[in-house]
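**Q** Next up is a structure, given as structure tokens.
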Amino acid sequence: MEREGFFERVYDMVEQIPEGMVATYGQIARLVGEPRKARYVGFALHSNPRPGEVPCHRVVFADGSICEGFAFGGPEAQRKLLEDEGVAFKDETHVDMRLCRWPAGTA
């Protein structure tokens with residue numbers, strides 16, 4: 140099924156994000172060859188079949204904001220996971236993208 144192939148490509152790419160860095164939903168979409176499917180990256184991560192193995196917490200919105208949903212136990216849980224890995228924040232809900240954005244696929 141096409142959806143399963145896309146989801147697996149997303150998981151494989153997210154597994155490559157180094158500890159201490161983040162990527163955006165759009166960035167992951169571009170890296171898997173589907174630049175208009177940022178929202179589907181979110182759907183894939185929400186359905187993560189390998190929690191703890193696929194570091195979904197390292198994917199944030201384009202402005203650096205963390206997920207407000209329940210996928211990680213709320214924004215406080217995602218922030219703690221990222222801070223524990225050394226990710227810097229500009230404020231309570233925004234990662235400092237200048238310092239912590241994974242450079243893969245960015246020109």
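When the count follows this note's numbering, it moves up by one through the sequence shown with no breaks and lands on 246 for the last residue.
By construction, the Cβ of each residue, glycine as well, lies at the ideal position given by its N, Cα and C atoms.
Does DSSP put residue 123 in a helix, in a strand, or in coil?
**A** Absent from the model: residue 123. The displayed extent of the chain is 140 to 246, so no value can be given.
**Q** Round the Cβ separation of residue 193 and residue 171 to the nearest angstrom and send it over; I've been treating them as touching at under 8 Å.
**A** Along the sequence shown, one-based indexing puts residue 193 at 54. Along the sequence shown, one-based indexing puts residue 171 at 32. In fact, because the Cβ distance is near 13 Å, the residues do not count as touching under 8 Å.
**Q** Tell me whether residue 226 sits in a helix, a strand or coil according to DSSP, three-state version.
**A** What you label residue 226 is simply residue 87 of the sequence shown in a count that begins at 1. Looking at residue 226 - three-state DSSP - the assignment turns out to be coil, as it is neither helix nor strand.
**Q** Does DSSP classify residue 194 as helix, strand or coil?
**A** Here residue 194 is taken as the residue at index 55 of the sequence shown, counted from 1. Here residue 194 sits in coil by DSSP.
**Q** State the DSSP-derived secondary structure class of residue 189, mapped to helix, strand or coil.
**A** Reading the sequence shown from its first residue, position 50 is the one you call residue 189. Here residue 189 sits in coil by DSSP.
**Q** Tell me where the alpha helix (DSSP H) around residue 237 begins and ends.
**A** Taking the sequence shown and counting its residues from 1, one reaches residue 237 at position 98. Element bounds for residue 237: 236-239.
**Q** Output the distance between the C-alpha atoms of residue 175 and residue 245, rounded to the nearest integer angstrom.
**A** Taking the sequence shown and counting its residues from 1, the one referred to as residue 175 is at position 36. Taking the sequence shown and counting its residues from 1, the one referred to as residue 245 is at position 106. Their Cα atoms are separated by approximately 16 Å.
**Q** Secondary structure at residue 243, three-state DSSP: helix, strand or coil?
**A** In the sequence shown, counting from the first residue as 1, residue 243 sits at position 104. In the structure shown, residue 243 sits in coil (DSSP, three-state: anything other than H, G, I, E or B).
**Q** Name the DSSP beta bridge partners of residue 162, please?
**A** As a working note, residue 162 is residue 23 in the sequence shown. In the DSSP output, where bridge partners are listed per residue, residue 162 has 198.
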